[in-house]
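Remarks on the structure that follows.
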Amino acid sequence: MHWAKILGVGIGAAALLGLGIILGHFAIPKATDSPAPSTSVSQDLDMAILDSVMEQLDAGRIRENLRELSKEPHVATSPRDEALVQLLLERWKDTTTGLDAAKTFEYKVLLSFPSAEQPNTVEVVGPNGTAFHSFRPFEKNLTGEQVGPNVLQPYAAYAPPGTPQGLLVYANQGSEEDYKALEAQGINLNGTIALTRYGGVGRGAKAINAAKHGVAGVLVYTDPGDINDGKSLPNETFPNSWGLPPSGVERGSYKTYFGDPLTPYLPAHPSSFRLDLHNIPGFSPIPAQPIGFEDAKALLCNLDGPSAPGGWQGALGCDYKMGPGFKQGGSFPTASEVKVSVHNSLELRTSSNVLGIIRGAVEPDRYVIYGNHRDSWVHGAVDPSSGTAVLLEISRVLGTLLKKGTWRPRRSIIFASWGAEEFGLIGSTEYTEEFLSKLQERTTAYINVDISVFANATLRAQGTPPVQSVIFAATKEISAPGPSGLSIYDNWLRHTNRSSPVYGLVPSLGTLGAGSDYAAFIHFLGISSMDLAYTYDRSKTSARIYPTYHTAFDTFHYVEKFLDPGFTSHQAVARTAGNVLLRLSDSLFLPLNVSDYTETLHSFLQAAQGDLSTLLGQHNISLGPLVNAVKMFELAAAALGQRILTLQKSSSPDPLQVRMVNDQLMLLERAFLNPRAFPEERYYSHVLWAPKTGPVATFPGLANAYAKAQNSSGSEAWAEVQRQLSIVVTALEGAAATLEPVADL
154 MHWAKILGVG IGAAALLGLG IILGHFAIPK ATDSPAPSTS VSQDLDMAIL
204 DSVMEQLDAG RIRENLRELS KEPHVATSPR DEALVQLLLE RWKDTTTGLD
254 AAKTFEYKVL LSFPSAEQPN TVEVVGPNGT AFHSFRPFEK NLTGEQVGPN
304 VLQPYAAYAP PGTPQGLLVY ANQGSEEDYK ALEAQGINLN GTIALTRYGG
354 VGRGAKAINA AKHGVAGVLV YTDPGDINDG KSLPNETFPN SWGLPPSGVE
404 RGSYKTYFGD PLTPYLPAHP SSFRLDLHNI PGFSPIPAQP IGFEDAKALL
454 CNLDGPSAPG GWQGALGCDY KMGPGFKQGG SFPTASEVKV SVHNSLELRT
504 SSNVLGIIRG AVEPDRYVIY GNHRDSWVHG AVDPSSGTAV LLEISRVLGT
554 LLKKGTWRPR RSIIFASWGA EEFGLIGSTE YTEEFLSKLQ ERTTAYINVD
604 ISVFANATLR AQGTPPVQSV IFAATKEISA PGPSGLSIYD NWLRHTNRSS
654 PVYGLVPSLG TLGAGSDYAA FIHFLGISSM DLAYTYDRSK TSARIYPTYH
704 TAFDTFHYVE KFLDPGFTSH QAVARTAGNV LLRLSDSLFL PLNVSDYTET
754 LHSFLQAAQG DLSTLLGQHN ISLGPLVNAV KMFELAAAAL GQRILTLQKS
804 SSPDPLQVRM VNDQLMLLER AFLNPRAFPE ERYYSHVLWA PKTGPVATFP
854 GLANAYAKAQ NSSGSEAWAE VQRQLSIVVT ALEGAAATLE PVADL
């Protein structure tokens with residue numbers, strides 16, 4: 154009897170251990186960790202719940218969210234920014250509409266601010282130092298919201314202090330080619346002040362390129378030809394239309410890399426190693442200052458020198474000259490120079506991310522993250538508060554269902570309000586650095602809704618190819634705002650489309666660069682990502698972005714009057730993002746179609762074969778391995794798709810088999826990472842989506858190396874082409890292996 158008891162205990166223990174392993178694999182939380190899953194929780198997407206959420210997302214509530222969020226300026230780490238941290242915590246901890254948990258994560262980061270006591274100035278001065286003209290340091294107070302102690306003056310964040318003075322030249326968009334074009338005209342750039350316009354290259358690049366050519370300081374303005382369809386008169390612009398008024402100035406970050414400047418690849422904790430404050434790469438090396446186009450006109454329309462090329466001309470009502478210096482008979486004496494006085498300073502500040510969490514019922518260790526930044530340059534009604542207003546409404550509706558016990562997602566949902574995005578995607582990057590391994594192991598997808606509404610014409614979606622199918626599925630079920638009667642999908646298709654060799658005519662899905670908080674998730678962590686917004690009709694405006702972007706005119710009343718009067722476009726984005734979120738968090742099989750990568754790979758391959766193969770062959774570099782790798786991926790993706798279809802047809806698919814294929818879908822994007830592929834590019838490791846400097850629309854590393862090798866006679870440059878080709882081939886082979894049956898070792 155004694156041995157029987159021992160044997161019984163042993164068998165029982167083994168059974169419990171086995172059960173524990175299975176439960177641990179799916180990581181079902183203990184009752185003490187989170188509320189027990191409701192009996193109504195489905196093993197798959199519940200369409201009744203989905204429809205209920207769509208109905209409850211309310212345009213009026215989004216409107217009131219936006220009014221509250223944008224009523225005061227809230228630059229990163231300001232008192233109002235911290236007050237919004239508390240607002241988010243209160244919403245997400247509410248007993249009737251809140252989430253399972255809400256918490257903050259703080260980082261000590263390096264920010265840059267103008268001096269409140271000594272504003273930055275731009276002056277035209279004579280040979281004896283007399284100031285003939287001083288330009289406006291602040292924007293005009295047109296609606297009573299452009300003044301006040303919390304309205305940050307226009308400035309170039311991270312541009313160093315200094316007072317350079319010199320002859321003025323016009324350098325178009327400030328690209329490397331633009332400065333070379335000036336020198337080709339015989340213009341000596343040493344010691345000059347360059348006037349540039351927004352567009353073409355990043356803000357910081359305008360100054361970095363200028364410094365390489367001896368320029369002493371940079372001014373940047375927004376040309377009405379690029380933002381207002383040429384309109385520049387006060388009665389044609391805000392507050393009489395959505396156009397940028399003449400005094401409007403786009404603020405922004407003038408640094409190259411995203412994340413905290415002092416702690417690359419490390420979370421900005423007090424204990425973390427920091428770079429020397431005086432030796433930080435990627436900052437503007439010379440003073441820079443943005444100005445309004447009314448001030449730019451006074452400078453540009455008085456310039457001397459040869460006429461600028463046609464592509465450099467704008468809409469200020471005069472012939473743009475290149476300089477240097479001012480013309481005779483103009484508004485300023487010919488010997489006058491431009492003096493730029495910048496008094497910015499660097500400061501270590503504590504910035505907070507706020508996270509709201511809904512724990513999954515079945516797979517709580519699989520995360521769907523939905524993020525938007527919180528900080529703005531001034532009131533930030535469009536950027537970013539339109540996105541936060543939508544985020545809060547989605548979390549309210551889901552929180553209400555959660556608290557009622559009628560719904561709990563299969564996977565965990567994390568709502569994120571990122572801090573200090575405007576200074577270079579800082580909050581989101583620090584979060585990915587702190588939780589790199591955890592996020593790579595567990596995150597299924599990242600949804601970004603930054604600016605939710607640029608305008609009210611159509612959806613604009615960007616993302617990696619696997620997310621295309623879930624966005625299409627969601628948008629086919631939601632009505633577009635307005636009287637058209639179309640779905641969001643069909644309205645989107647009408648505005649912007651492409652011909653797919655697989656699907657025929659489909660809406661165009663854009664690619665992801667580094668314009669918002671998705672950057673670290675896709676480029677650094679390799680997580681399938683998307684960005685969703687409503688935008689304008691490209692056939693009716695050539696504006697590169699909504700006109701009051703990063704200015705003191707981006708206010709609640711601007712949104713309500715000009716962008717989305719009924720807040721129906723905000724509601725459409727909420728429904729689209731909420732629909733996608735539920736599909737990703739509740740579907741038994743992750744709705745990510747990896748076969749959609751095949752089209753991208755074929756496009757890249759065809760570009761390489763058409764534009765690179767001849768010269769590559771002359772250097773004994775064959776594209777054969779690349780052709781084989783693309784084919785290998787295509788076959789593996791198709792085979793995985795068939796295995797999923799087989800499992801879906803089963804009335805009760807094996808949970809472990811479902812888990813395995815979902816992990817393959819989740820981990821595919823990681824297979825394209827190679828942290829050593831682009832040593833010159835911080836954080837970029839995704840071999841398909843890195844910055845492309847070469848002109849050929851192919852694999853970025855290959856395109857860039859090829860472009861450099863074309864201009865080099867050395868063998869080392871072509872060896873780098875071969876290396877980049879090998880990197881891509883290895884990544885594609887690894888991605889194909891990720892998609893093969895997991896039992897195929």
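Be aware that the sequence shown starts at 154, since it is given in my numbering, and climbs by one per residue.
Ideal placement from N, C-alpha and C gives every residue a C-beta, glycine not left out.
Item: Compare the beta carbon distance of H710 and T345 with 8 Å and say whether it is the shorter of the two.; Value: no
Item: List in chain order: all unbroken beta strand (DSSP E) runs of 3+ residues lying wholly within the region 466-545.; Value: 490-494, 498-511 and 516-526
Item: Could you please give me the residues that DSSP links to I566 through a beta bridge?; Value: I511 and V521
Item: Figure out for me which residue from D717, Q771 and S748 has the closest Cα to the Cα of R216.; Value: D717
Item: Quick check: the region 810-824 against the region 742-754, are at least 3 beta-carbon pairs closer than 8 Å?; Value: yes
Item: Rounded to a whole number of angstroms, what is the C-alpha to C-alpha distance between Q615 and A369?; Value: 38 Å
Item: State the DSSP-derived secondary structure class of I346, mapped to helix, strand or coil.; Value: strand
Item: To the nearest angstrom, report how far apart V726 and D603 are at their CA atoms.; Value: 11 Å
Item: What residue does the beta strand (DSSP E) around N650 start on, and which one ends it?; Value: N650 to S653
Item: For the pair the region 297-315 and the region 496-506, tell me if three or more CB-CB distances fall below 8 Å.; Value: yes
Item: Where does S460 fall in DSSP's three states?; Value: strand
Item: Please report the Cβ distance between L734 and I566, rounded to the nearest whole angstrom; I am assuming they are in contact, meaning their Cβ atoms lie under 8 Å.; Value: 7 Å
Item: Starting from K359, trace the alpha helix (DSSP H) in both directions and tell me its first and last residue.; Value: R356 to K365
Item: Which same chain residues end up closer than 8 Å to T257 when comparing Cβ atoms and leaving out the 5 residues on each side of it in sequence?; Value: V238, L242, S505, N506, V507 and L508
Item: With a threshold of 16 other CB atoms inside 10 Å of the CB of E833, please say whether the residue is buried or exposed.; Value: exposed
Item: Looking at the secondary structure, which residues open and close the beta strand (DSSP E) in which N601 lies?; Value: T596 to N601
Item: Any chance the region 577-590 sits against the region 673-691, with 3 or more Cβ pairs inside 8 Å?; Value: yes
Item: With the cut-off set at 8 Å, would you say P387 and P377 are in Cβ contact?; Value: no
Item: For K224, which residues in the same chain have their Cβ closer than 8 Å to its Cβ, ignoring the five residues on either side in sequence?; Value: H532 and F709
Item: May I ask you to report which of helix, strand or coil DSSP gives I181?; Value: Here the model assigns I181 a pLDDT of 35, short of 50, so the residue's position is not dependable, and the following value carries that caveat. Reduced to three states, the DSSP call for I181 is coil.
Item: One question on the structure: do G524 and A569 come within less than 8 Å of each other, judged by their Cβ atoms?; Value: yes
Item: Taking only the alpha-carbon atoms, compute the straight-line gap between S766 and A760 and give it to the nearest angstrom.; Value: 9 Å
Item: Taking F825 as the reference, which of R812, H839 and R835 has the closest Cα?; Value: H839
Item: Does the region 536-549 touch the region 466-473, meaning 3 or more C-beta pairs lie closer than 8 Å?; Value: no
Item: Taking L264 and T230 to be in contact with their CB atoms under 8 Å, please state how far apart those CB atoms are, rounded to whole angstroms.; Value: 7 Å
Item: Nearest to A363 by alpha carbon, out of N393, G383 and E330?; Value: E330
Item: Go ahead and pull the three-state DSSP assignment for V747.; Value: coil
Item: Please return the same chain residues whose Cβ sits closer than 7 Å to the Cβ of R427, not counting the five positions on each side in sequence.; Value: L415 and T416
Item: Ignore the nearest five residues each way along the sequence and tell me which others in V620's own chain have a CB closer than 7 Å to its CB.; Value: A598, S681, M683 and L745
Item: Compare the beta carbon distance of T390 and G383 with 8 Å and say whether it is the shorter of the two.; Value: no
Item: Would you call the region 349-366 and the region 319-328 touching, i.e. three or more CB-CB distances under 8 Å?; Value: yes
Item: DSSP on W871, reduced to helix/strand/coil?; Value: helix
Item: Nearest-angstrom Cα distance between N827 and I880?; Value: 8 Å
Item: Terminal residues of the continuous alpha helix (DSSP H) containing Q239?; Value: P232 to W245
Item: Run through DSSP, which three-state label would E276 get?; Value: strand
Item: How far does the alpha helix (DSSP H) with D204 in it extend, from its first residue to its last?; Value: M200 to Q209
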